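Remarks on the structure that follows.
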Amino acid sequence: MKRQIPLALVFIFGIFHIFQYFVPHESSEWLYEFFLKWIYIIGIFALALGIWSLIRVSWDKVKHRRPNWPYALITLGGLFAMIIFGFDYFRHFFTAEGLQNYMFRAFFDYILIPIQSTMFSLLAFFIASAAYRAFRARSLLATLLLLSALIIMLRFNPYLGFFGDYMEKTASWLLNVPNLAAKRAIIIGVGLGMVATSLKVMLGIERQYLGKD
Amino acid sequence: MNIFDRMMSLDRRWVFLLLAVVCVVTYVWPFSIPIRTTDEVENIFDFIDTLKEGDYIFLGIDYDPNALAELHPMTYAIAEHAFRKKLKIIFATLSQNGPGMADQAIRDITDSVKLDRTYNGVFYPGRTIVNGVDYVFLGYKPYFALVILGMGQNFRIPFPTDYYGTPLDSIPMMKGILNYDQIKCVVDITAGNVADAWISYGQGRYNFPLALGLTGVMGADYYPFLNSRQIFGLMGGLLGAAQYEKLSDNPGPAMDGMRIQVYAHIVIIFFIIIGNIGFLASRKKRMGKEVK
Amino acid sequence: MKLKILSIFCSLLLGIVPLAIAQENADTASVDSTAVASPAPVSQLTAVDTDNDHGHSISLKWEPSPDDGAGLKSVIGYEVYRAESPGGPFVIRAALPSGASSHIDVGAKEKESGDYMADYTDYYYKVRAITADSLVYSDSDVFGPVQCYGQWFNTGRIPVLVFVIGFMCTTILLIQKAKSGAKLFVRRLAGIEAVDEAIGRATEMGKPILYVLGLGTAADIATIASYTILGRVAKKVAEYQTRLIVPCYDPITMTVAQETVKTAYADAGRPDDYNEDMVYFVTQSQFAYVAAVNGTMLRERPATNIYMGLFYAESLILAETGALAGSIQISGTDQIAQIPFFIVACDYTLIGEELYAASAYLGREPLLLGSLKAQDYAKAAFIVLAVIGFLTINFGIDWFKQLFYISN
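Protein chains in written order, with the working numbering: chain A, 39 to 251; chain B, 35 to 326; chain C, -4 to 403.
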């Protein structure tokens, strides 16, 4: 029963949503909206599970003084600080204030934004080092890749003078013809793969998510 | 190890160092570079520019602080353009940290629109942007695909109230605005796969004009959708934002950032060339030795 | 005397009245001579229920007024009016520019809405041709009654239905074929073949294996495909008694991954070697997760990094850090934007649907192989249709393209 019920639910709701796509009638729409609301409710439980997992894992590290446990303490401190300041605790304790709370916004503007931007900016350096390592003219295909990359990078360079227009037109052709063709092919393949995998999940063929038979 | 071998196997820290120096110098030293515009950005600008006063647009701010550098300028450029044209904007965010981004953008843009400005030869007097009259910020809800589908039925399904807790039905500008049918276009600015959801579940199902603002990395992937007219415009990365700023005659952080990007690209190209010179010279030497 | 006064009065009256009438006529004549003449009305107005929708919508068509852009050239637009009885009262529903010849009148489905348009209710329509003078216009004949209602089948999506049925039938046929023992060819996937070798390398070096499921949720197709590969990796790792590290982004993904690894260890005959700390939750913040995984890579120095699932901008940060740590890297994602980064920085990459194919490739089960072959046949069909489409469009044959048109 532990496996049959989830499989049955997946099958029934999967088939329903396939049919719903082809049935525009109001009653089908009503059912669809009903399920949408339920998915939100289920989603909230997932968020709660995430917070609980984080607290449990971090507290476990702190309690047993596992390696790097001070960072787990900081994680917990950050989590609770954001929760506390996210509520209007001076007036209506359980009213969520979010960004209207000065401290909450300060944490967001002066801690979260700089930290996340810094991590993302690592990409600029890693792209440079990856490009340096990978763009070598080892073969004909690698050379074509290298030339394409150079053209795309240089297309809006203002110092090319006479060659600027040709570079831009070539770059535009590269983006709109071979790039588009390749991306389209991958999109079709991925789309078919998604349909096939969804069918497998619906029909119970793919059931890894349920665990051991 | 001869010079060509060194060129081929340079320590990556030299790459990082030179790139950092160039970025800092070009940031600190102010100069402008000419920006050329492309059709995909011009389509978005022309579409918004030809809308009438009082028309509604939907602006999705679906990115986190990590994509701030590339996408925030797009939000500022489009929102200011729309407010100057006296369009009404429905803001929403489908990304967890999006409310912070949206809140910051709305605050800054409403301050900017208070000033008198002339763009493209047209004088726009400053005005006060009022929440509920000129814009509404719906806030954030998880499961973006479901939110997009829900808004196609009625905005009130995923967002019964706006971000500040006011019921949508009591917001003046939301009277009679039920779903995408009353909106002239949707412009989604995102760094994640929310764009795919907007195309499949939004535009595919409800057939509204959709434009995307994406990071540079993602931009190239969405040309098939531009070609098939599932989206009518595309802004890719900082360049896209700079192009929009140029078209709206509103220079901002994107146009400033382009000079850094251009020089960073030159540095990357320099290292690629060095690496290839080293590689080809070493290969020639190795082949020469084998022949002997 | 009285008679005299009366006669003067009568003559005055006879003079004034015609004068007044003449004046009035003169006024009227002056209005007539400067007023806009009424334009010709629209003709052939029809209204039908809008097709393929949930109801509450009626589609109108008409022939524009002959005075729109021709004739008097006085028509500047049209107004659409609706009533619930032929005599009215008519309510304006739309204002359209000149040249318009159709309109879809859409109402709300909620009764509380001010714009509610009931299904199975008689409606009557007329279209008014308007001019620059708001007093000068002409109405068409009233058309009606017409009712709106929802359809039970969207005929505009028939091509999708044909594809879904065709694909399902092909899948079932090929599964039956595989079950009956037929050999279905699946080409070699270098990335999957390399997994065994990479696990062996890790065992020899005495270093752990890092498996990253990506940033997807348990409902994402890429994550579901990744579980299968994780199961295989975990089984091999259990057999070789190598350490496995699986940091997770999503708590539900973590739960499923724990089940998968535990099952794999049990299948390998080493259930006691399974340790719940192998598979742990990190955080649901993208770059915080990346920072944590990078830290793990640089501290633990795994021999092999396997990235399978949904990845976003962090893909290159992970892969470059792994390269710095000297690990062999095998990756697979369906995120098209990230594939180039993985190709550049990793030793082996599964591109797009190769990730989904991995489950069939590894297990070689008939059920999975059959569905994989169905994908291949579908792709072949798309190629053939694309070539036919290309040729027909170039020879001016339009009907073939129309076969695939999907309306909303």
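Cβ coordinates follow ideal geometry from the N, Cα and C atoms, glycine included. Everything numeric in this text was worked out from a predicted model, so none of it was measured.
Candidates the options: closest to residue i by CA position
| i | options | result |
| --- | --- | --- |
| Met163(C) | Gln370(C), Ser402(C), Phe377(C) and Gly391(C) | Gln370(C) |
| Val101(C) | Arg123(C), Thr45(C) and Ala127(C) | Thr45(C) |
| Lys99(A) | Trp394(C), Glu309(C) and Phe276(C) | Phe276(C) |
| Leu293(C) | Leu205(C), Ala90(C), Lys174(C) and Val70(C) | Leu205(C) |
| Val164(B) | Val147(B), Gly173(B), Pro176(B) and Leu180(B) | Val147(B) |
| His63(A) | Glu315(C), Asp267(C) and Ser52(C) | Ser52(C) |
| Arg70(B) | Met289(B), Lys318(B), Asp168(B) and Ser234(B) | Met289(B) |
| Ile226(A) | Gly286(B), Phe259(B) and Phe266(B) | Phe259(B) |
| Asn261(B) | Ser236(A), Leu241(A), Asn217(A) and Leu198(A) | Asn217(A) |
| Pro92(C) | Asn47(C), Gly145(C) and Val122(C) | Val122(C) |
| Ala103(B) | Gly116(A), Ala162(A), Gly231(A) and Gly88(A) | Ala162(A) |
Under 7 Å from the C-beta of residue i: neighbouring residues of chain B
| i | result |
| --- | --- |
| Ile331(C) | Asp255 |
Three-state secondary structure assigned by DSSP to residue i
| i | result |
| --- | --- |
| Met303(C) | strand |
| Arg143(A) | helix |
| Phe200(A) | coil |
| His51(C) | coil |
| Lys121(C) | strand |
| Ser402(C) | coil |
| Glu104(B) | helix |
| Ser282(B) | coil |
| Asp393(C) | coil |
| Tyr97(B) | coil |
| Ser25(C) | Residue confidence for Ser25(C) is low, a pLDDT of 35 falling below 50, so the modelled location carries little weight and cannot support an answer. |
Boundaries of the beta strand (DSSP E) in which residue i is found, first to last residue
| i | result |
| --- | --- |
| Trp147(C) | From DSSP, Trp147(C) is part of no beta strand (DSSP E); its letter is neither H nor E. |
| Met232(A) | Per DSSP, Met232(A) belongs to no beta strand (DSSP E); it is in the alpha helix (DSSP H), Pro216 to Met240. |
| Phe178(B) | Element bounds for Phe178(B): not the beta strand (DSSP E) but the alpha helix (DSSP H), Phe178 to Gln187. |
| Arg296(C) | First-last for Arg296(C): undefined, no H or E at that position. |
| Val75(C) | Gly72 to Ala78 |
| Gly267(B) | Gly267 to Gly270 |
| Val207(C) | Ile204 to Gly209 |
| Gln324(C) | Ile323 to Thr328 |
| Lys231(C) | Per DSSP, Lys231(C) belongs to no beta strand (DSSP E); it is in the alpha helix (DSSP H), Ile216 to Tyr235. |
Span separating the alpha-carbon of residue i from that of residue j
| i | j | result |
| --- | --- | --- |
| Thr23(C) | Thr41(C) | Because Thr23(C) carries a pLDDT of 38, less than 50, the predicted location of this residue cannot be relied on, and no value is offered for it. |
| Ile167(C) | Gly124(A) | 53 Å |
| Lys106(C) | Leu212(B) | 13 Å |
| Ser65(A) | Phe51(A) | 16 Å |
| Ala179(B) | Tyr59(A) | 15 Å |
| Lys257(C) | Gln171(C) | 32 Å |
| Met42(B) | Leu52(B) | 17 Å |
| Pro44(A) | Tyr174(B) | 30 Å |
| Val12(C) | Val43(C) | Interpretation of Val12(C) is limited by its pLDDT of 44, a score under 50 that renders its predicted location unreliable; the figure taken from the coordinates is listed afterwards. Whole-angstrom Cα-Cα distance: 55 Å. |
| Asn300(C) | Ile325(C) | 6 Å |
| Ser182(C) | Val241(C) | According to the sequence displayed, residue 182(C) carries Arg and not Ser. When rounded, the distance between both Cα atoms is 29 Å. |
| Gly88(B) | Thr144(B) | 17 Å |
| Pro133(B) | Gly201(C) | 46 Å |
| Ile124(B) | Leu281(B) | 23 Å |
| Ala263(C) | Thr198(C) | 16 Å |
Opening and closing residue of the alpha helix (DSSP H) in which residue i lies
| i | result |
| --- | --- |
| Tyr70(A) | Glu64 to Lys101 |
| Phe81(B) | Asp73 to Asp83 |
| Tyr356(C) | Glu348 to Gly358 |
| Ile37(B) | Ile37 to Met42 |
| Phe50(B) | Arg46 to Val62 |
| Pro44(A) | Gln42 to Phe60 |
| Lys374(C) | Pro361 to Asn389 |
| Leu178(A) | Leu178 to Leu192 |
| Cys164(C) | Ile153 to Lys174 |
| Asp134(C) | Premise fails: Asp134(C) lies in the beta strand (DSSP E), Tyr132 to Asp134, not in any alpha helix (DSSP H). |
Amino acids of chain A, ordered along the chain, whose beta-carbon sits closer than 8 Å to that of residue i
| i | result |
| --- | --- |
| Arg434(C) | This structure does not reach residue 434(C), given that chain C is present from -4 up to 403, and the question cannot be answered. |
| Asn261(B) | Asn214 and Leu218 |
| Leu362(C) | Lys238 and Ile243 |
Partners in chain C for residue i, counting only beta-carbon separations shorter than 7 Å
| i | result |
| --- | --- |
| Gln154(A) | Phe282 |
| Thr235(A) | Ile216, Ile219, Ala220 and Tyr351 |
Contacts that residue i makes with chain B (C-beta to C-beta distance below 8 Å)
| i | result |
| --- | --- |
| Ala308(C) | Asn100, Ala101, Ala225, Thr249 and Val251 |
Residue i Cβ short of 7 Å to the ligand ADP heavy atom set
| i | result |
| --- | --- |
| Tyr153(B) | For the ligand ADP, the structure offers nothing, since it holds no ligand at all. |
Q: Could you please tell me which residues of the region 211 to 226 of chain B, in chain order, have their CB closer than 9 Å to any CB of chain D?
A: Of the protein chains in the structure, A, B and C, none is chain D.
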